[in-house]
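Everything below concerns the one structure shown next.
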Amino acid sequence: MEIEQGAGKIAKCLKLMLSDKPGHLASVMAAIASKNASVGDIHLLRVGRTHNTREIVVYVDSDHQFEEVVEAIANLEGIIVEDEIDLVHQVHEGGKIATKSQVRIETITDVRQIYTPGVAAICKDIEHHPEHAHKYTSIPNQVAIVTNGTAILGLGDIGAVAGMPVMEGKSVLFD
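Sequential numbering of the sequence shown, starting at 8, is according to my numbering.
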(Lines of atoms letter the chains of each structure in order from A; the text may use other names.)
(Lines give C-alpha, C1' and ligand atoms only; values in the text may rest on other atoms or scores of the structure.)
Protein backbone atom coordinates (compact mmCIF):
# COMPACT_ATOMS: atom_id res chain seq x y z
CA MET A 8 0.00 0.00 0.00
CA GLU A 9 1.37 3.41 -1.00
CA ILE A 10 1.38 5.84 1.93
CA GLU A 11 1.33 9.08 -0.04
CA GLN A 12 -0.42 8.80 -3.35
CA GLY A 13 0.75 11.20 -6.02
CA ALA A 14 4.15 11.77 -4.41
CA GLY A 15 5.77 11.81 -7.86
CA LYS A 16 3.29 14.29 -9.31
CA ILE A 17 4.09 17.84 -10.40
CA ALA A 18 2.31 20.47 -8.29
CA LYS A 19 1.13 23.55 -10.18
CA CYS A 20 -1.20 26.28 -9.03
CA LEU A 21 -3.95 28.16 -10.83
CA LYS A 22 -5.22 31.54 -9.71
CA LEU A 23 -8.81 31.72 -10.88
CA MET A 24 -11.60 34.28 -10.77
CA LEU A 25 -14.89 32.40 -10.51
CA SER A 26 -18.40 33.72 -10.81
CA ASP A 27 -20.00 33.49 -7.37
CA LYS A 28 -22.81 31.23 -8.51
CA PRO A 29 -23.57 27.66 -7.45
CA GLY A 30 -21.76 25.06 -9.51
CA HIS A 31 -18.85 27.13 -10.85
CA LEU A 32 -16.27 25.70 -8.45
CA ALA A 33 -17.67 22.23 -9.13
CA SER A 34 -17.23 22.78 -12.88
CA VAL A 35 -13.55 23.62 -12.28
CA MET A 36 -13.13 20.40 -10.29
CA ALA A 37 -14.82 18.44 -13.09
CA ALA A 38 -12.55 20.04 -15.71
CA ILE A 39 -9.47 19.06 -13.69
CA ALA A 40 -10.75 15.50 -13.27
CA SER A 41 -11.58 15.27 -16.98
CA LYS A 42 -7.87 15.66 -17.75
CA ASN A 43 -6.97 12.92 -15.23
CA ALA A 44 -5.38 15.43 -12.84
CA SER A 45 -5.89 15.73 -9.09
CA VAL A 46 -6.82 18.66 -6.86
CA GLY A 47 -4.72 19.72 -3.90
CA ASP A 48 -5.15 22.77 -1.68
CA ILE A 49 -7.82 25.35 -2.47
CA HIS A 50 -7.41 28.84 -1.01
CA LEU A 51 -10.04 31.56 -1.12
CA LEU A 52 -8.05 34.75 -1.70
CA ARG A 53 -10.75 37.34 -2.26
CA VAL A 54 -14.52 37.51 -2.04
CA GLY A 55 -16.10 40.00 -4.40
CA ARG A 56 -19.65 41.08 -5.14
CA THR A 57 -19.98 38.87 -8.19
CA HIS A 58 -16.72 36.89 -8.34
CA ASN A 59 -14.37 35.11 -5.95
CA THR A 60 -10.64 34.60 -6.47
CA ARG A 61 -9.14 31.24 -5.55
CA GLU A 62 -5.81 29.50 -5.85
CA ILE A 63 -6.16 25.84 -6.67
CA VAL A 64 -3.23 23.42 -6.57
CA VAL A 65 -3.38 20.84 -9.35
CA TYR A 66 -1.29 17.65 -9.44
CA VAL A 67 -0.29 16.47 -12.92
CA ASP A 68 2.16 14.07 -14.53
CA SER A 69 3.59 16.56 -17.05
CA ASP A 70 3.61 20.19 -18.14
CA HIS A 71 1.59 19.14 -21.20
CA GLN A 72 -1.12 17.67 -18.98
CA PHE A 73 -1.18 20.90 -16.96
CA GLU A 74 -1.67 22.94 -20.13
CA GLU A 75 -4.61 20.68 -21.01
CA VAL A 76 -6.11 21.38 -17.59
CA VAL A 77 -5.62 25.14 -18.06
CA GLU A 78 -7.28 25.00 -21.48
CA ALA A 79 -10.24 23.02 -20.14
CA ILE A 80 -10.76 25.53 -17.32
CA ALA A 81 -10.28 28.56 -19.59
CA ASN A 82 -13.15 27.29 -21.77
CA LEU A 83 -15.59 27.25 -18.83
CA GLU A 84 -18.21 29.98 -18.59
CA GLY A 85 -17.82 32.29 -15.60
CA ILE A 86 -14.17 31.33 -14.97
CA ILE A 87 -11.12 33.48 -15.72
CA VAL A 88 -7.60 32.04 -15.42
CA GLU A 89 -5.65 34.93 -13.87
CA ASP A 90 -2.30 33.20 -13.38
CA GLU A 91 -0.43 29.91 -13.66
CA ILE A 92 2.07 29.43 -10.85
CA ASP A 93 4.95 26.95 -10.88
CA LEU A 94 5.15 26.12 -7.18
CA VAL A 95 8.60 24.51 -7.36
CA HIS A 96 10.20 27.56 -8.95
CA GLN A 97 8.29 29.87 -6.63
CA VAL A 98 9.55 28.17 -3.46
CA HIS A 99 13.16 28.38 -4.69
CA GLU A 100 13.04 32.12 -5.52
CA GLY A 101 15.59 33.94 -3.41
CA GLY A 102 16.97 30.68 -2.07
CA LYS A 103 15.62 28.48 0.67
CA ILE A 104 17.89 29.26 3.59
CA ALA A 105 18.85 32.40 5.43
CA THR A 106 21.26 33.40 8.15
CA LYS A 107 19.87 35.45 10.99
CA SER A 108 22.15 37.26 13.38
CA GLN A 109 22.02 36.13 17.01
CA VAL A 110 23.45 39.42 18.26
CA ARG A 111 22.31 43.01 17.84
CA ILE A 112 24.47 45.87 16.68
CA GLU A 113 23.44 49.07 18.42
CA THR A 114 26.72 50.83 19.15
CA ILE A 115 30.22 51.12 17.74
CA THR A 116 31.37 49.02 20.71
CA ASP A 117 29.10 46.23 19.48
CA VAL A 118 30.68 46.44 16.01
CA ARG A 119 34.18 46.36 17.50
CA GLN A 120 33.34 43.23 19.54
CA ILE A 121 31.45 41.38 16.82
CA TYR A 122 33.70 42.34 13.92
CA THR A 123 37.03 44.11 13.87
CA PRO A 124 39.16 44.45 15.95
CA GLY A 125 37.57 42.14 18.57
CA VAL A 126 37.04 39.21 16.25
CA ALA A 127 40.81 38.83 15.84
CA ALA A 128 41.09 37.40 19.37
CA ILE A 129 38.51 34.73 18.55
CA CYS A 130 40.24 33.90 15.26
CA LYS A 131 43.59 33.49 16.99
CA ASP A 132 41.97 31.33 19.70
CA ILE A 133 40.48 29.03 17.04
CA GLU A 134 43.76 28.98 15.11
CA HIS A 135 45.51 27.56 18.20
CA HIS A 136 42.53 25.50 19.42
CA PRO A 137 40.46 24.37 16.39
CA GLU A 138 38.00 22.58 18.68
CA HIS A 139 36.88 26.03 19.92
CA ALA A 140 35.29 26.62 16.51
CA HIS A 141 32.22 24.73 17.75
CA LYS A 142 31.91 27.15 20.66
CA TYR A 143 32.58 30.44 18.86
CA THR A 144 31.02 29.86 15.45
CA SER A 145 27.82 28.52 14.01
CA ILE A 146 29.50 25.34 12.71
CA PRO A 147 27.38 22.98 14.84
CA ASN A 148 24.02 24.26 13.67
CA GLN A 149 24.14 25.69 10.17
CA VAL A 150 25.92 26.07 6.87
CA ALA A 151 28.93 28.34 7.25
CA ILE A 152 30.01 31.35 5.26
CA VAL A 153 33.57 30.38 4.44
CA THR A 154 36.89 31.70 3.22
CA ASN A 155 40.18 30.04 2.36
CA GLY A 156 41.67 32.01 5.25
CA THR A 157 44.67 33.42 3.39
CA ALA A 158 44.01 37.13 3.97
CA ILE A 159 41.80 37.69 7.01
CA LEU A 160 41.86 41.28 8.27
CA GLY A 161 45.64 41.44 8.27
CA LEU A 162 45.92 38.33 10.44
CA GLY A 163 47.73 36.45 7.70
CA ASP A 164 47.10 32.87 6.64
CA ILE A 165 45.15 31.65 9.67
CA GLY A 166 43.14 29.05 7.76
CA ALA A 167 39.53 28.74 6.72
CA VAL A 168 38.08 27.60 10.04
CA ALA A 169 39.88 30.25 12.09
CA GLY A 170 38.67 32.90 9.62
CA MET A 171 35.01 31.96 10.02
CA PRO A 172 34.23 34.47 12.77
CA VAL A 173 35.22 37.25 10.38
CA MET A 174 32.94 35.89 7.69
CA GLU A 175 30.08 35.56 10.16
CA GLY A 176 30.73 39.10 11.36
CA LYS A 177 30.41 40.33 7.81
CA SER A 178 27.07 38.55 7.49
CA VAL A 179 25.82 40.25 10.68
CA LEU A 180 26.67 43.64 9.18
CA PHE A 181 24.32 42.90 6.28
CA ASP A 182 21.49 41.51 8.40
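Even for Gly, the Cβ is constructed at its ideal location relative to N, Cα and C.
Could you tell me which of Tyr66, Gly30, Glu100 and Asn59 sits nearest to Met24, measuring between CA atoms? Asn59
Starting from Val77, trace the beta strand (DSSP E) in both directions and tell me its first and last residue. Here Val77 belongs to no beta strand (DSSP E); instead the alpha helix (DSSP H) covers Asp70 to Ala81.
Looking at the unbroken beta strand (DSSP E) that takes in Ser26, where does it start and where does it end? Ile17 to Ser26
For Val76 versus Val67, is the C-beta distance shorter than 8 Å? Yes.
Report the rounded CA-to-CA distance for Ala169 versus Ile115, giving the unit in angstroms. 24 Å
Close Cβ partners of Asp164 (< 6 Å) along its chain, the five nearest in sequence each way excluded: Thr157
Mapping DSSP to helix, strand and coil, what is His58? strand
Grouping DSSP H, G and I as helix and E and B as strand, with all else coil, what is Asp132? Judged by DSSP in its simplified three-state form, Asp132 adopts helix.
Specify whether the region 32–39 and the region 76–92 touch according to this definition: at least 3 beta carbon pairs, one from each stretch, less than 8 Å apart. yes
Let me check one thing: in DSSP terms, what residues is His50 bridge-paired to? Glu62
Quick one: give me the first and last residue of the alpha helix (DSSP H) that Glu175 is part of. Met171 to Leu180
Ignore the nearest five residues each way along the sequence and tell me which others in Asp132's own chain have a CB closer than 8 Å to its CB. His139 and Tyr143
Taking all protein chains shown into account, decide if Ala81 is buried (16 or more other Cβ within 10 angstroms of its Cβ) or exposed. Exposed is the call here.
Count the other C-beta atoms from every protein chain shown that fall within 10 angstroms of the C-beta of Lys19, then say buried if there are 16 or more, exposed otherwise. buried
Does the Cβ-Cβ distance between Val98 and Val173 come in under 8 Å? Cβ atoms of Val98 and Val173: not closer than 8 Å.
Should Leu180 be labelled buried (16 or more other beta-carbon atoms within 10 Å of its own) or exposed? exposed
Along the chain, where does the beta strand (DSSP E) that runs through Ile86 open and close? Ile86 to Asp93
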